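To start, the structure itself, in structure tokens.
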Amino acid sequence: MGFSVTFWGVRGTVPCPLPSHMGFGGNTSCVEVQAGGQRIVIDAGTGIRMLGKRLLKEGATEAVLLMSHTHLDHICGFPFFAPAYSKGFHLRIVSGHLNGNPGIEATMARQMERPLFPVPMRTMGSNIVFDEIAAGDRFALGEGVEVRTAPLNHPDGATGYRIEHLGKSFAYVTDTEHVPGHPDRNVLDLIDGADLVLYDCTYTDEEWRNRIGWGHSTWTEGVRLAQAAGVKRLVLFHHDPDHDDAAMAAIEAAAQAVFPDCFAAREGMTVTLA
């Protein structure tokens, strides 16, 4: 049934539903991977709301949600994910950064408790299973879909994912900060030879110098890692909300001048791998 990646939310930090940002999109992180018969969702930013509507329309009955981490911009769409309220829908939520203290279930539930939200997670009618792993683990999802993970350099921790199917590979590496002159070995190993790599390109080099320790990276570091690891295509992701369409187009052009096989993620875009 093929292997494809669709971008439902491409921003970081906070949604920005502004006319000046609609060319690339204003929703926060959410990516859908279809691999064989597997429906894999990565992160539950505000982009997951429209994905949920699509899943119900298509009659989907199950999905796996891989969480990079649980900062608000990556989970705030979950209370509005319609399939989670649908009886008979099966949702497996996987997290690799919390180490059970607190666990992923308690963390996802917390944002839906009063006084933060009026509808608690326990009222969701679907069958939700929470799965704690350790960043660095590998696991299979069935139908020849294999998942590798790696720890990322981010405040409170984060997990990168590599999904392999039909001899192709897609790596999701966002919310990670680089150390100048010291390529991240965890990232390099995860993206080695991958067909498509999504990387945290929140800042320009100039912006990053004033935000060291915030847990994000740059398109220039993404290009360096992609070149070193023999990546075939690079996706610039986790766009800063202060970067409007003109700024994003300029960043994309600058990156393509150095590494032609790259592009900035846009909401609604689908990339077919196999």
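Residue numbers (the UniProt record's numbering): 1 to 274. A virtual CB, placed ideally from N, CA and C, is assigned to each residue, including glycine. Quick caveat: nothing in here was measured; it's all calculated off a predicted structure.
Between Leu152, Phe78, His243, Gly222, which has its C-alpha nearest Cys262's C-alpha? Gly222
Does the beta-carbon distance from Leu198 to Val235 come in below 8 Å? yes
Beta carbon of Ile75, beta carbon of Met121: below 8 Å? Between Ile75 and Met121, the CB-CB gap reaches or exceeds 8 Å.
What are the boundary residues of the alpha helix (DSSP H) that Leu188 is part of? Looking at the DSSP string, the run of the alpha helix (DSSP H) that includes Leu188 is 185–191.
Beta-carbon proximity list for Pro83, same chain, < 8 Å, skipping 5 on both sides: Gly52, Leu55, Leu56, Ala60, Ala63, Phe89, Leu91, Ser126
Enumerate in chain order the residues of its own chain whose CB-to-CB distance from Gly77 is below 8 Å, with the five nearest sequence positions on each side excluded. Gly9, Asn27, Thr28, Cys30, Ala44, Gly45, Thr46, Gly47, Ile48, Arg49
Could you work out which residue in Ala246, Met124, Glu105 is closest to Phe81 when comparing CA atoms only? Met124
In terms of residues, what are the limits of the beta strand (DSSP E) holding Glu267? Here Glu267 belongs to no beta strand (DSSP E), and DSSP marks it neither H nor E.
Could you name the residues of the same chain whose beta carbon sits closer than 7 Å to that of Pro241, not counting the 5 residues immediately before and after it, in chain order? Arg11, Thr13, Val14, Cys16
For Ala229, three-class secondary structure by DSSP: helix
Would His238 be called buried (16 or more neighbouring beta carbons within 10 Å of its own) or exposed? buried
With 16 other Cβ atoms within 10 Å as the buried cut-off, status of Ile93: buried
Where the alpha helix (DSSP H) containing Lys53 begins and where it ends: 48–57
Please report how far the alpha carbon of Ser169 lies from the alpha carbon of Lys232, in whole angstroms. 10 Å
Helix, strand or coil for Gly222 per DSSP? helix
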